[in-house]
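Comments concern the structure below.
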Amino acid sequence: MFARRFQRALLINPPTGLYRRDDRCQCKVEDQTVQIIFPPVELATLAATLRRGGAEVELRDYPAQSAGWEDYIEDLRRLRPDMVLVNVVTATSEGDFDALRAAKETLGADNVLTIAKGEYMEALGESVLRHRPEVDFGFHGEIDLVLDQLYKGEPLETIDGLIWRRAPANGHPADVVRNPGHPLIEELDALPFPARDLLRNDLYRSPETNRPLTVIHGNRGCPAKCIFCPAGVMSGYRIRYRSPGNIMAEIDDCVRTYGIREFLFHGDTFTINKKWLIELCDLIIASGHKIRWGCNSRVDTIDDERAAKMRQAGCWVVAFGVESGNQEILDYMKKGQKAERAFKAAEVCRRHGLRVHTFFVIGTPLETRATLRETYEYARKIDPDFFDFNIAYPLPGTELYEIAEREGLFEKPPDATGYANAAVRTRELSSRDLTEWRRKALLSMYLRPRYIARMLYRAGSPRVALNYVRAGARRFRQLISPAPDS
192 MFARRFQRAL LINPPTGLYR RDDRCQCKVE DQTVQIIFPP VELATLAATL
242 RRGGAEVELR DYPAQSAGWE DYIEDLRRLR PDMVLVNVVT ATSEGDFDAL
292 RAAKETLGAD NVLTIAKGEY MEALGESVLR HRPEVDFGFH GEIDLVLDQL
342 YKGEPLETID GLIWRRAPAN GHPADVVRNP GHPLIEELDA LPFPARDLLR
392 NDLYRSPETN RPLTVIHGNR GCPAKCIFCP AGVMSGYRIR YRSPGNIMAE
442 IDDCVRTYGI REFLFHGDTF TINKKWLIEL CDLIIASGHK IRWGCNSRVD
492 TIDDERAAKM RQAGCWVVAF GVESGNQEIL DYMKKGQKAE RAFKAAEVCR
542 RHGLRVHTFF VIGTPLETRA TLRETYEYAR KIDPDFFDFN IAYPLPGTEL
592 YEIAEREGLF EKPPDATGYA NAAVRTRELS SRDLTEWRRK ALLSMYLRPR
642 YIARMLYRAG SPRVALNYVR AGARRFRQLI SPAPDS
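The sequence shown runs 192 to 677 under our numbering.
If you want it as structure tokens, here you go:
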């Protein structure tokens with residue numbers, strides 16, 4: 192069976208609000224300490240893959256553009272795409288599917304192919320196609336080559352990673368088919384750079400400096416199996432790397448073509464391979480580009496040699512998933528790290544002038560008032576520059592979701608909640624208890640006089656200090672109101 196060929200593709204973040212739309216990080220931008228809008232580089236990479244094959248492609252990030260549903264409908268009428276793709280996330284899933292329905296209604300159901308991708312489709316793709324006629328195809332797993340094969344018109348049953356409807360034939364009823372996942376891409380250097388010319392790069396800025404910022408993906412895969420995270424499910428449990436030279440070429444393109452000098456180097460395990468990391472840093476140093484960047488790291492994959500080289504290459508902040516100050520909860524999460532290691536990681540960073548951003552996950556089933564107190568006290572001991580207490584968010588397809596369903600822990604549907612508004616209770620605490628604890632803990636951490644003085648001192652310039660003050664005032668207004676009862 193073959194799909195109808197398409198030539199004019201429209202890839203979108205739909206007008207459903209400002210959200211982080213990563214597979215493993217799905218939350219309102221306003222719910223995070225660093226309220227930053229990241230460019231949709233995954234969509235831009237898909238766009239580049241399609242263009243390389245000969246398709247005409249447009250990309251729209253409606254929330255970042257402060258554009259609404261009227262703007263989207265106008266684009267549909269003006270561009271007349273014959274394929275629309277949306278990245279579906281749990282928190283905005285209803286609106287995301289509404290965007291595909293609007294494409295069918297505006298252009299005619301038979302005139303446009305609609306595609307849904309993302310972590311939501313990995314977990315619930317078959318159900319979506321059974322109950323939502325507005326969705327023609329779903330993608331699961333690593334999808335870069337899935338879209339390319341669909342564009343080339345290959346038989347549907349041969350496209351790994353595709354979810355599709357099989358029409359009734361030869362006495363067999365209609366059915367939804369989930370093909371095997373596409374083999375993980377080994378040669379990441381073979382993928383094109385994101386089509387940043389399709390983005391409004393001026394919309395994505397560092398909240399500190401207000402300069403343009405972009406995201407570069409350095410590796411894929413994560414060997415950890417944390418119960419709350421879908422990273423390994425989506426990109427595999429084996430780490431695959433782009434070559435340092437390939438990443439450096441993308442950095443050079445960003446600097447020379449787009450004037451971008453601020454970066455988030457994205458990778459679930461960005462610092463785990465010391466040799467690879469140091470080689471990349473050496474290339475950045477040798478390039479002469481004065482760039483500024485941050486990255487994620489596990490607490491057990493940072494040391495003095497790494498930190499010193501990273502700082503020399505322009506790194507200014509490292510984000511760590513500390514998660515909890517209680518070892519029993521870390522073990523329950525399957526985090527695979529010792530609680531005390533986070534403090535040592537922060538010390539390493541400070542020795543080399545790197546800022547520290549810590550993320551904590553509260554509200555897994557073993558959480559109690561006592562363990563929350565441990566986590567809060569540990570956060571104060573680490574004394575990070577930036578910090579987030581995120582409520583455990585059971586995304587479909589994760590082990591945490593299965594546990595919450597099995598133990599009857601859901602008090603609200605997950606698509607109505609997020610990191611700031613709990614969906615589940617623990618064995619001791621209600622969802623409201625968790626939401627209210629988070630609010631009070633963040634306020635208490637922010638309002639420490641020494642913390643405020645330190646952040647203003649480290650701002651380095653009146654402009655950055657003013658940005659800190661504005662961000663702090665905005666955050667204070669968000670947190671001052673008690674948690675709602677429902």
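Don't be surprised by glycine CBs; every beta carbon is placed ideally from N, CA and C.
Setting aside the 5 residues that flank it on each side, Ile430 is surrounded in the same chain by Asn410, Gly412 and Thr460, each with a C-beta closer than 6 Å to its C-beta; the list follows chain order. Bounds of the alpha helix (DSSP H) holding Phe667 are Pro653 to Leu670. Taking a C-beta distance under 8 Å as the contact criterion, Gly316 and Gly299 do not qualify as a contact pair. Take the alpha-carbon of Ala536 and the one of Glu470: they are about 21 Å apart. Within the DSSP secondary-structure output, Tyr432 pairs in a beta bridge with Asn410.
Boundaries of the alpha helix (DSSP H) harbouring Ala537: Arg532 to Arg542, taken from the DSSP string. Listed in chain order, the non-local C-beta contacts of Gly609 below 7 Å within the same chain comprise Cys218, Lys219, Asp222, Ala282 and Tyr584, local neighbours out to five positions each way being set aside. If you draw a straight line from the Cα of Leu353 to the Cα of Pro324, it comes to about 16 Å. By the C-beta density criterion, Gly436 is exposed, having fewer than 16 other C-beta atoms within 10 angstroms.
A Cβ-Cβ distance of about 7 Å is found for the pair Gly505 and Lys481, placing them in contact under the 8 Å criterion. The closest CA to that of Ala294, considering only Ser284, Leu276 and Gln226, is found on Leu276.
Comparing C-alpha distances from Val513 to each of Asn581, Trp628, Val319 and Gln503 shows the shortest one belongs to Asn581. Around Gly259, the same chain offers Pro206 and Tyr253 as residues with beta carbons nearer than 8 Å, after the five sequence neighbours per side are excluded. Going by beta carbons, Gln518 and Ile476 fall outside the 8 Å limit.
DSSP places Cys472 in the uninterrupted alpha helix (DSSP H) bounded by Lys465 to Ser478.
Note that the C-beta distance between Asp444 and Phe384 is below 8 Å. When DSSP reads this structure, Asn370 sits in no beta bridge, so it has no partner. No Cβ-Cβ contact shorter than 8 Å links Ile418 with Leu625. The Cβ atoms of Ile334 and Lys308 lie closer than 8 Å to each other. When secondary structure is reduced to three states using DSSP, Asn204 falls in the strand class. It is roughly 15 Å from the alpha-carbon of Leu234 to the alpha-carbon of His331.
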